[in-house]
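Take 132 as the starting number for the sequence shown in this note's numbering and just add one per residue.
Backbone N, C-alpha and C define an ideal beta-carbon position, used for all residues, glycine too.
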Amino acid sequence: GVIMLDIGGGTMDIVAYNESALYHTSSFPLGGNHIISDISIALNTSQPVAETVLKEYGMAVLDRAKANDEAEIRCFGISGSRRFRMQYLYEVISLRLTEMFVIALEVVKKTGQPAPASTLVLTGGLAGLPGIDKLAERVLRMEARIGAPPQQEYAADTLKNPSFAALIGMLQISSDALFAPAPPPKPQANGGIAAGGLRILQQINQKIDVLRS
Numbered sequence: 132g133v134i135m136l137d138i139g140g141g142t143m144d145i146v147a148y149n150e151s152a153l154y155h156t157s158s159f160p161l162g163g164n165h166i167i168s169d170i171s172i173a174l175n176t177s178q179p180v181a182e183t184v185l186k187e188y189g190m191a192v193l194d195r196a197k198a199n200d201e202a203e204i205r206c207f208g209i210s211g212s213r214r215f216r217m218q219y220l221y222e223v224i225s226l227r228l229t230e231m232f233v234i235a236l237e238v239v240k241k242t243g244q245p246a247p248a249s250t251l252v253l254t255g256g257l258a259g260l261p262g263i264d265k266l267a268e269r270v271l272r273m274e275a276r277i278g279a280p281p282q283q284e285y286a287a288d289t290l291k292n293p294s295f296a297a298l299i300g301m302l303q304i305s306s307d308a309l310f311a312p313a314p315p316p317k318p319q320a321n322g323g324i325a326a327g328g329l330r331i332l333q334q335i336n337q338k339i340d341v342l343r344s
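Written as structure tokens, this is what we have:
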């Protein structure tokens with residue numbers, strides 16, 4: 132089985148497949164905004180600054196070489212700026228992500244899944260966070276990968292981001308269905324298409340003759 136976890140700003144969408152068949156969909160009120168709030172509280176800073184910190188320094192798996200690196204941010208209640216270590220930021224982010232992964236797996240288990248899930252596919256805005264697939268593998272003990280949009284030429288490189296994977300996938304399915312060639316008409320028995328059409332015309336003429344008589 133495969134679980135697709137699309138992590139957006141305020142929610143995470145959980146989709147489960149078994150043998151290529153969809154058998155569960157749900158949404159849970161946890162997302163990237165909760166991580167931003169965690170960072171805001173932990174670093175005593177505003178939500179906009181916390182969002183910038185997540186985008187510029189965020190990581191799901193700690194790079195040991197950068198564990199003691201520091202960065203500066205503006206904080207509430209003090210003048211100037213304050214420094215924080217990457218190790219601390221990693222701990223804040225990884226704790227919330229771990230909660231998301233565990234909840235997603237428990238939700239799927241409670242549906243009475245036909246077979247245990249063996250793969251997690253991550254999409255959405257947070258799927259681009261460095262190391263998020265590695266953290267998922269550690270927590271859930273299953274293969275995890277990033278669900279990127281199909282490898283095609285897009286007008287903007289932005290569309291190659293995992294946050295657009297689900298949207299582009301739906302558009303592609305709709306496009307394939309819309310522009311698929313129409314199936315050829317099925318030949319009629321006893322004479323094929325032409326003979327079948329001729330019989331219909333004969334039946335119509337017979338009914339007209341009956342009405343005239």
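**Report entry** Host beta strand (DSSP E) of T156 (start-end)
**Finding:** 152 to 159
Report task. Could you check which residue in G256, L236, R216 has the C-alpha nearest to that of H165? Result -> G256
Query - Secondary structure, beta strand (DSSP E): runs of 3+ residues fully inside the segment 134 to 213 - result: 143 to 149, 152 to 159, 201 to 205
Query raised in the report: Under the DSSP definition of a beta bridge, which residues are partnered with E274?
Result: T250
Requested in this report: Could you check the C-alpha separation between A258 and D264 for me, to the nearest Å?
Outcome: 8 Å
Query raised in the report: Start and end of the alpha helix (DSSP H) containing A235?
Result: 217 to 240
Query raised in the report: Three-state secondary structure (DSSP) at G262?
Result: coil
Report task. Could you pull out every residue in the same chain whose Cβ sits closer than 8 Å to the Cβ of Q218, ignoring the five residues on either side in sequence? Result -> L193, A198, N199
Query raised in the report: In the DSSP assignment, what residue or residues form a beta bridge with G255?
Result: I138
Query raised in the report: Distance, Cα to Cα, Y188 vs T176?
Result: 15 Å
Report task. Take A147 as the anchor and find which of R195, R213, V180, A248 has the nearest alpha-carbon. Result -> A248
Query - F207 burial status per 10 Å Cβ neighbour count (16 or more: buried) - result: exposed
Query raised in the report: If you drop the 5 nearest sequence neighbours on each side, which residues of the same chain put their C-beta closer than 8 Å to that of A286?
Result: Any answer about A286 is weak, because its pLDDT of 46 lies below 50 and its placement is not dependable; what the coordinates show is given next. Hits under 8 Å: none found.
Query raised in the report: Is it true that the CB of L266 sits closer than 8 Å to the CB of L228?
Result: yes
Requested in this report: State the DSSP-derived secondary structure class of A279, mapped to helix, strand or coil.
Outcome: coil
Query raised in the report: So, T254 versus M135, is the Cβ gap smaller than 8 Å?
Result: yes
Query - Cβ-Cβ separation, M231 to M143 (assumed contact under 8 Å), whole Å - result: 6 Å
Query raised in the report: Taking C-beta to C-beta, are I204 and V223 nearer than 8 Å?
Result: no
Report task. Please say whether L260 and A191 have beta carbons closer to each other than 8 Å? Result -> yes
Report task. Could you check the C-alpha separation between G162 and R214 for me, to the nearest Å? Result -> 26 Å
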